[in-house]
Each structure stands twice: as structure tokens, then as C-alpha cells.
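Below is one structure, written out as C-alpha cells; the observations come after it.
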């Protein structure tokens, strides 16, 4: 009999070169909790005209697929694998003035097929598993005052199979992102973000959803692939209110450009760079909700919704600066 603590479980990730064909892990991901990955089955009962006095004669599996939720702390290297599958568009290049530091620019690829991943699920003393043909369906990031930046990643995969035990090995340069390294800016357009002042917020959230669905065929109980539908993006930040700035913008329905930037200034990489994640939303519209306590400062939740911006020809751009050269298949 084997007992396993959750801390001994680990998740590996690799980019597939052929959709649905398993690859070895390229990196191992530190999660806040063991990966919640499950094979979900749908069954139907067989009911026929035979006198038995029992409601069902048997059951058959009609479909099966893998769903899961991953709960990582934001780290500047492994997050790139999941951003690639979520958004689809990626270009990588050496950062200016550097030789071993790279800038990865993620954009939305509007085609219906997202890049696929293989997830390696090292389960301690239990049977190790892998899931091929994985797509990232949704990603949420939370920027709290009392914790490091963390998030949730929703995945969908084709099937789960048994594996010989993996040996997880975590990269030492997959750096964390403490909350004090976050700045949030807003301006009338993307060009104005550089000169905009950082907003003093007490918390923020961002949610991105591809609304992916399984492609099913009569000839198989497992999906043969996944289709992405339309990206939905939203979020909010909370601030201790000292003006009606965002209330006025919300009531006038005035679009704004929004930037969330995370720079780990405690870690130097290359000649003069730091691990960095920069999220630019060229066009958002706002709604607000005040909280009005009697004995404390009035605060305001500023909710935003992502839209496509014709001037920028984009709805979202994410730049990731780290020491990984690329996110191509191994």
C-alpha cells in the first residue's frame, strides 16, 4: 500500500510538434496545489424491453476527455508555455543589448486551432500519467496585497495514459513575482501608457477565456481535437478613491488603454535586464462600484472589459522577458 502527500506531485509541460502526439516535458511547473487533472466520463444507461424489474441492464461510455485546473504562482519562465497555448501567436527574439535574455511577444491568433501541449503528471508514489493534445481554455491572474501573484489555468486534453515514473527537475531561473513589483496604468491610447502614472491599487484581477470546445466524431469516444471560439477578457482593480476619474470614464463609456506590468527588480538577468511580464489591453471599457464604509476610506472596484482595437489591430499583447530562448517543440 502506497500513500502519497500532495507535495510530492509535480507537473511537467512540453510543446507538441504534432497535435495530440505526446512529447517529453521541457520544464516542470511549481503549483500551489497538486494539479487537478481528471478524466471525465459520460455514460448512458441501457434500457430495453426485458422483464427484470430493474431500471437498467447496463451502461456504455459515450464520451471521455480530460479536464483540469492548474494553480500556479506566476513565474516568468513556465507561464510562457500556457500563454502560447491560450493565445496562439508568438514571436521570440533576443532582447536589445543582451545575448542570453529574450523577449517573447504573445498575441491572439484568431484561427480556431490553438497550439497543443503535453502535460506530465508526476504523482509521487501513485501511477504517473501524461495527457497529450492539451489546450489552455482559460487563464486567470490575481494580484493580491498579501501574497505573490498567482492564478488559475483551465486545461482540456484528449486522454490520460500511464507513464513510467518521471523525475521532476525545476529550473532555478523560473523566478517568482511578488505583488510589490506590479504597476497598473491607464491612458486614452497605447501611446500614452508610457507617460502615464501608476495607479495605487489594493488588488487586481485579469481573466482570459478562449471558450474552447471539444471536436467529437462518432468513431471515437475521446475528442479528436479542440476548437477555440471567441476570446473573452475582463478584470478589475480596486483603489482607495480620491476622485471620480474612473466613474466619469465609465458613465461616458470612454474607451481606455490599460497596462499591467510586473518587473522582478530583485533578480538581474543578462547584462541589465529583469524578468518582466507586460500585458497591454489597447481598448477597454469600464464600470465601477463604490464601497462606502462609515469608518474607513471609500474604495472603488473598477471593472474593465477587453475589446478589439482597430488602431492597434489587436485586443491584447503580452510581452515576457526571461532567459528561455523559445517556446518551440523540443
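Numbering (this note's numbering), first residue to last: 2 to 331.
Ideal Cβ positions, reconstructed from N, Cα and C, are used throughout, including at glycine.
Just so you know, these numbers come straight off a predicted model, no measurement behind them.
For residue i, the nearest candidate out of the options (CA to CA)
i, options, result
"residue 241", "301, 183 and 286", "301"
"residue 12", "294, 56, 35 and 57", "35"
"residue 239", "291, 149 and 282", "291"
"residue 102", "33, 324, 45 and 288", "324"
"residue 137", "19, 275 and 213", "213"
"residue 40", "62, 145, 23 and 32", "62"
"residue 49", "128, 43 and 59", "59"
"residue 112", "293, 312 and 211", "211"
"residue 333", "55, 10, 38 and 259", "Any answer about residue 333 is impossible in this case: the structure gives the chain only from 2 up to 331."
"residue 270", "88, 246, 98 and 116", "98"
"residue 124", "26, 311, 273 and 5", "5"
"residue 83", "115, 66, 189 and 68", "115"
"residue 81", "121, 69, 30 and 299", "30"
"residue 246", "272, 274, 219 and 289", "289"
"residue 69", "219, 153, 313 and 54", "153"
Backbone CA spacing between residue i and residue j [nearest angstrom]
i, j, result
"residue 96", "residue 244", "39 Å"
"residue 254", "residue 231", "23 Å"
"residue 141", "residue 207", "6 Å"
"residue 168", "residue 18", "23 Å"
"residue 203", "residue 197", "18 Å"
"residue 195", "residue 20", "39 Å"
"residue 76", "residue 177", "5 Å"
"residue 164", "residue 252", "56 Å"
"residue 28", "residue 327", "12 Å"
"residue 51", "residue 57", "10 Å"
"residue 256", "residue 185", "16 Å"
"residue 42", "residue 331", "32 Å"
"residue 276", "residue 221", "44 Å"
"residue 200", "residue 143", "16 Å"
"residue 72", "residue 38", "11 Å"
"residue 32", "residue 173", "15 Å"
"residue 295", "residue 272", "51 Å"
"residue 334", "residue 190", "Nothing can be reported for residue 334: it is not among the residues displayed for the chain, which extend from 2 to 331."
Close-in-space but distant-in-sequence residues of the same chain around residue i (CB under 7 Å, 5 per side omitted)
i, result
"residue 162", "130 and 131"
"residue 90", "107, 108, 109 and 110"
"residue 179", "149"
"residue 25", "15 and 331"
"residue 297", "none"
Distance CB(residue i)-CB(residue j) smaller than 7 Å
i, j, result
"residue 134", "residue 155", "no"
"residue 151", "residue 74", "yes"
"residue 78", "residue 148", "no"
"residue 187", "residue 235", "no"
"residue 304", "residue 237", "yes"
"residue 286", "residue 126", "no"
"residue 105", "residue 93", "yes"
"residue 117", "residue 23", "no"
"residue 66", "residue 229", "no"
Beta bridge counterpart(s) of residue i as assigned by DSSP
i, result
"residue 94", "104"
"residue 235", "208 and 306"
"residue 160", "133"
"residue 13", "29 and 121"
"residue 272", "DSSP, once it has assigned bridges, lists no residue as partnering residue 272."
8 Å Cβ shell around residue i - same chain, five flanking residues per side excluded
i, result
"residue 217", "64, 224 and 225"
Spatial neighbours of residue i in its chain, beta-carbon cut-off 6 Å, leaving aside the 5 residues before and after
i, result
"residue 309", "316"
"residue 278", "263 and 321"
"residue 44", "60 and 62"
"residue 281", "260 and 318"
"residue 183", "144 and 263"
"residue 9", "125"
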